[in-house]
Every structure is written in structure tokens, then in C-alpha cells.
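What follows is a set of notes on a single structure, which appears directly below.
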Amino acid sequence: MAPKILGIVGSYRKGCVIDTLVSTALSAAKEAGATTSKIYLQDKHIEFCINCRQCTQEPGTMYGQCIHHDDMASILQEIESSDGIVLGAPVNFFNVTAIMRRFMERLVCYAYWPWGHHAPQLRNKVKNKRAVLITATAMPAFFGRLLTGAVRALKITAEVLHAKTVATIFAGTIADTEHPTVPLKFIQQAQKAGRKLLA
Ligand SMILES: Cc1cc2nc3c(=O)[nH]c(=O)nc-3n(C[C@H](O)[C@H](O)[C@H](O)COP(=O)(O)O)c2cc1C
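Residues 185 to 383 in my numbering are what the sequence shown lists, from first letter to last.
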């Protein structure tokens with residue numbers, strides 16, 4: 185069966201930098217033999233985590249049940265059935281976007297953290313997927329890597345989702361025009377990264 189690669193877009197702008205690079209990585213993966221799909225977090229109904237920790241109370245290797253009944257359940261099912269993920273979010277105020285963080289916070293269900301335990305414990309430390317991380321900034325990538333928490337946030341997200349990061353794309357200096365054309369070097373990085381998801 186063809187490997188399944190899922191793209192998760194945490195940008196607010198369809199067709200802009202992050203969406204373009206996620207799509208490019210997915211297309212390259214498809215050309216290499218994968219089946220691909222893409223989720224726009226902004227199109228999904230995702231409630232905020234309210235820190236009730238109900239989903240973390242019961243032991244077990246599978247993620248816990250959330251009190252919310254929204255699109256997160258189907259998103260998690262899609263992630264679980266995928267072999268690779270592409271996580272994309274631009275930098276807003278020195279970290280990933282609020283919609284990406286809202287999604288990330290809901291991943292606390294991957295932890296066992298009953299009341300009385302000081303810290304959460306990842307239920308399952310297996311790494312059976314690959315991940316490509318994509319972010320973008322107005323500032324040059326050098327400063328973006330140094331001064332923002334975006335790559336770290338995306339990397340932790342990948343880890344929680346049992347994915348080993350195989351490539352990171354940092355598209356810096358990319359906010360000078362309303363509809364920026366994504367430079368060829370980032371497109372090529374995304375193509376290479378997409379192929380790495382299957383290699
Ligand atoms: C509200 C807001 C906050 C931003 N904060 C930062 C920032 O802290 N650092 C930075 O380098 N760029 C920042 N940017 C620029 C975006 O990261 C950049 O425009 C990115 O390309 C947007 O991704 P998109 O093209 O997928 O929408 C910000 C943009 C907006 C609108």
C-alpha cells in the first residue's frame with residue numbers, strides 16, 4: 185500500500201507562503217509514490233484545551249478521550265493512519281500562529297498525566313512516522329531560528345505525534361509584499377523534504 189502523507193496548514197492565508205510550501209512537499213511525496221491529503225486548521229472546528237486534563241487521567245498507549253466533541257477526533261484519526269506529516273505554520277509574534285498552538289495544546293491527550301503526577305509522560309515513545317517542518321518569517325531565517333520558538337514548537341508537535349523530523353524549512357525574509365512569490369530555493373527545499381518523507 186502507498187504510504188500516506190498528511191499536510192497540516194497552520195497559516196491563515198490559503199495559497200500563500202506556508203500553504204505553497206506544504207503543497208510543494210506533498211506534491212513531491214506524491215510523485216515519489218505516496219497518497220497525500222491536506223488539512224487547513226482554519227477550516228476545522230477545534231475548541232481550546234481548557235486544561236481539565238480529563239484526557240490524561242487514564243493510562244494506556246493510545247491517546248486519551250477529550251471532553252470536546254469537535255473536529256479534533258477526525259484529525260487525530262487521520263494523523264494516526266498516516267506514515268508522514270508535513271507541519272506548516274508561519275511566525276506570528278515570535279512563535280507559531282494561534283491556530284497552530286490551539287491544535288498543539290489539544291495534543292495533551294498523548295500524555296499520561298493524572299492528578300498527583302508532577303509532570304506529563306508521553307504515553308508512547310515510538311517514532312513510526314517522519315515529519316517535515318515548515319515555517320516562515322519577515323526577518324531573515326538566521327534571526328528567525330535564533331529569536332523565535334517556531335521550529336522548537338513544530339518539532340515538539342512532531343515528536344508528540346510519533347514523528348521523527350527529517351527536514352526543516354525556514355523561509356525567511358518573505359513578508360515584503362502582500363502576495364509574495366516563494367523563492368525557488370525554498371520550493372526546491374520543500375521538494376527535497378517531501379521526497380525525504382518516503383526515503
Ligand atoms: C500578526 C503578525 C505577526 C507577525 N509576527 C512576526 C514575527 O514575530 N517575526 C517575523 O519575522 N515575522 C512576523 N510576521 C510575518 C509572517 O511570519 C509572514 O508574513 C509569513 O509569511 C506569513 O505566512 P503566510 O504567507 O503563510 O501567511 C507576522 C505577521 C503578522 C500578520
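Even for Gly, the Cβ is constructed at its ideal location relative to N, Cα and C.
- [ ] Using alpha carbons as the reference points, say which of T319, A377, W299 and C293 lies closest to R307.
- [x] C293
- [ ] Determine the DSSP secondary structure at P380, reduced to helix, strand or coil.
- [x] Strictly speaking, residue 380 in this sequence is Lys, with Pro absent from that position. K380 falls in the helix class under three-state DSSP.
TODO: Less than 8 Å between the CB atoms is what I'm expecting for I371 and A320, so what's the real figure, rounded?
DONE: Their Cβ separation, rounded to whole angstroms, is 13 Å, which puts I371 and A320 out of contact at 8 Å.
Open item on the list: Quick check on S221: does DSSP put it in helix, strand or coil?
Closed with: strand
Open item on the list: Excluding the 5 residues flanking A322 on each side, which residues of the same chain have their C-beta closer than 6 Å to its C-beta?
Closed with: A359
Open item on the list: Buried or exposed, going by whether 16 or more other CB atoms sit within 10 Å of the CB of Q373?
Closed with: buried
Open item on the list: By the three-class DSSP mapping on this structure, what secondary structure does R314 have?
Closed with: strand
Open item on the list: Could you tell me the alpha carbon to alpha carbon distance between G328 and V275, rounded to whole angstroms?
Closed with: 8 Å
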